[in-house]
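Novice:
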Amino acid sequence: MEKIKMTTPLVEMDGDEMTRILWQMIKEELLLPFVDLKTEYYDLGLPERDRTSDQVTIDAANANKKYGVAVKCATITPNVQRMSEYHLHQMWKSPNATIRAILDGTVFRAPILLSCVKPVVKTWEAPITIARHAYGDIYKSVELRTEEPGVATLRFVGQSGAVQEVEVQRLDGPAVLQGMHNKEQSIRSFARSCFQYAIDTKQDLWFSTKDTISKTYDGAFKEIFDQEYQSYQAQFETLGISYFYTLIDDAVARVIRSKGGFIWACKNYDGDVMSDMVSTAFGSLAMMTSVLVSPDGNYEYEAAHGTVTRHYYRYLKGEETSTNPMATIFAWTGALHKRGELDQLPDLCSFAEKLEAACIDTLQSGIMTKDLCSLAEGIEVKPVNTADFIRAIRANLEQKLA
Ligand code: NAP
Ligand code: MG
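Take a look at the structure:
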């Protein structure tokens, strides 16, 4: 069989630990035999980030901007323990944070559904995609803890010298304080990424904040979304999809009662918390896909989970592991499909679709990694190790391509 051709390289960002092992297996078994894979390779494994003083992460993010589509393996975010484990020169920042800062985007997370794994919420029939704003709020806040009574104020000095000041609180004793911000530009980008993604995937868009309490801060989010929607409204109407704003607590209640099949745009913290709730209720973090979409149309696909350290340590001891490669495979298929769309390569798109279908069929036939075995219902389950799972997918894929 002739291999499927690519025209523009995909930016490939390799990573760490067990997912780095999966990465290699996926390429060798499921991609290289079928696709004339063109990638620009960046090694974001921790040793290489340390050796290059993290320049490799910046280079990879810039390549993502240049070519438009990247696929990323999970990477270690160093902490104190990793400093000694990897003899690091510095506690490097999270690569995802660095890439997000350069691309300025929104992270969309959606579960991969199986008919044999029923969501905890019985009414959910279609995936719920969480769109998480990836900048600011408490993730870029400053905090104080005080020991005596006093007055706390919030003060802004403009470039012009103009001052705006409000009293936070007159405190009669020790207290805790927090100052956070967001930027109008970032909120606008967030809104545009969400509207664009809703159009790309033909799904309704929900957005929620707490603007009844936070009239200025959350009020600005709501207002900016309303303004940006004006440019997309006609396209929404043509596609028959809708934009819907509601309060976060009302949204939570409606999401639980819904059938799914929409995008839920959340502020940074809400998205952090709600994506864990939604992924767990749908099954497992190993079945959650994630894509960062920038407002100027760059895409970075990855798995939502980490490097699965516990499995890696077992792998290093020579023990058998049953790590689920689904989210990592779907990062590749998402990226290849997007590359195919942009470069008008229908064969590449069709390959990505067939590989996804081969994965789903393998799971539906009961061949699955251990994390899914306890969740599957109504089928006979055959637990397998990672390598056997990938080989079973390959057999299914070969049939579909024949
Ligand atoms: P993790 O790698 O997501 O794994 C946590 C646990 O979830 C695993 O021990 C495993 O449970 C289960 N799990 C996750 N993915 C799985 C898969 N594909 N197949 C089967 N089970 C899976 O999270 P972590 O242990 O907290 O973090 C490990 C490293 O990943 C850290 O260094 C962190 O910085 C990094 N991280 C990176 C990213 C990213 O690059 N996007 C995101 C999160 C974390 P059992 O052990 O019970 O089987
Ligand atoms: Mg979280």
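In this text, residue positions in the sequence shown follow my numbering: the first is 522, and each later residue adds one.
Backbone N, C-alpha and C define an ideal beta-carbon position, used for all residues, glycine too.
Apply the 10 Å Cβ neighbour rule to H832 and answer buried if 16 or more other Cβ atoms are within range, or exposed otherwise.
Specialist: buried
Novice: What are the boundary residues of the beta strand (DSSP E) that includes C870?
Specialist: Careful: C870 lies outside any beta strand (DSSP E), inside the alpha helix (DSSP H) at P867 to Q885.
Novice: Could you give the residue range of the beta strand (DSSP E) that holds F728?
Specialist: Secondary structure note for F728: its beta strand (DSSP E) is the uninterrupted segment D725 to T730.
Novice: In three-state DSSP terms, what is T627?
Specialist: strand
Novice: For I914, which residues from the same chain have a beta carbon less than 6 Å from its beta carbon, with the 5 sequence-adjacent residues on both sides left out?
Specialist: A879, C880 and T883
Novice: Have a look at the DSSP bridge pairing and note the partners of F783.
Specialist: I649 and D725
Novice: Name all residues in chain order for which at least one heavy atom of the ligand NAP lies closer than 5 Å to the residue's CB.
Specialist: Taking each Cβ in turn, the ones that pass are A595, T596, I597, T598, A807, H826, G827, T828, V829, T830, R831, T844, N845 and D892.
Novice: For D864, does the three-state DSSP call read helix, strand or coil?
Specialist: coil
Novice: Only counting runs of 3 or more residues, tell me where the beta strand (DSSP E) segments fall wholly within the segment 738-772, in order along the chain.
Specialist: 764-768
Novice: Indicate the three-state DSSP secondary structure (helix, strand or coil) for I633 in the structure shown.
Specialist: coil
Novice: Thinking C-alpha only, which one of I525, M795, T830 and S843 is nearest I769?
Specialist: M795
Novice: Could you spell out the range, first to last residue, of the alpha helix (DSSP H) harbouring M795?
Specialist: N789 to F803
Novice: Compute the distance between the beta-carbons of E821 and N585, then report whether it is under 8 Å.
Specialist: yes
Novice: Please list the terminal residues of the continuous beta strand (DSSP E) segment that includes L692.
Specialist: V684 to L692
Novice: In the DSSP output, what is M809 paired with across the bridge?
Specialist: P632
Novice: Taking the alpha carbon of C787 as the reference point, which residue from M534, M539 and H654 has its own alpha carbon closest?
Specialist: The shortest Cα separation from C787 among M534, M539 and H654 belongs to H654.
Novice: DSSP three-state call for P616: helix, strand or coil?
Specialist: helix
Novice: Can you tell me whether T596 is buried or exposed? The criterion is at least 16 other CB atoms within 10 Å of its CB, across all chains shown.
Specialist: buried
Novice: In this structure, does DSSP put A655 in helix, strand or coil?
Specialist: Assigned with DSSP and collapsed to three states, A655 falls in coil, not helix or strand.
Novice: Nearest to I745 by alpha carbon, out of T759, R713 and A807?
Specialist: Ranked by how close their Cα comes to the Cα of I745, the residues T759, R713 and A807 have R713 in first place.
Novice: Helix, strand or coil for Y563 per DSSP?
Specialist: The answer is strand: DSSP assigns Y563 an E or B state.
Novice: For N501, which residues from the same chain have a beta carbon less than 6 Å from its beta carbon, with the 5 sequence-adjacent residues on both sides left out?
Specialist: With the chain covering 522 to 923 only, the question about residue 501 has no answer from this structure.
Novice: Compute the distance between the beta-carbons of S707 and Y656, then report whether it is under 8 Å.
Specialist: For S707 and Y656, yes; Cβs fall inside 8 Å.
Novice: Buried or exposed, going by whether 16 or more other CB atoms sit within 10 Å of the CB of R676?
Specialist: exposed
Novice: From the DSSP secondary-structure annotation, give me the bridge partner or partners of D593.
Specialist: Checking the sequence, you will find Lys at residue 593 rather than Asp. Beta-bridge pairing links K593 to M534 and E823.
Novice: Would you tell me roughly how many angstroms separate the C-alpha atoms of E669 and D693, rounded to the nearest one?
Specialist: Distance between the alpha carbons of E669 and D693: 8 Å.
Novice: Bridge partners for R666 per DSSP, in chain order?
Specialist: V697
Novice: Once you ignore the five residues that flank S574 on each side, which residues in its own chain have a CB closer than 8 Å to its CB?
Specialist: H610 and Q611
Novice: Can you tell me the Cα-Cα spacing of E874 and S681, whole angstroms?
Specialist: Straight-line Cα distance between these residues: approximately 55 Å.
Novice: Taking 7 Å as the limit between beta carbons, can you name the residues of its chain near V641, skipping five residues before and five after?
Specialist: A802
Novice: With a CB to CB cut of under 7 Å and the five nearest residues on each side skipped, what residues in its chain are close to G781?
Specialist: W645, E646, A647, P648 and I649
Novice: Can you tell me where the alpha helix (DSSP H) with A923 in it begins and where it stops?
Specialist: In the DSSP annotation of this structure, A923 is not part of any alpha helix (DSSP H), being labelled neither H nor E.
Novice: If we call anything under 8 Å between Cβ atoms a contact, is D739 one with D732?
Specialist: Against a cut-off of 8 Å, the Cβ pair of D732 and D739 comes out as a contact.
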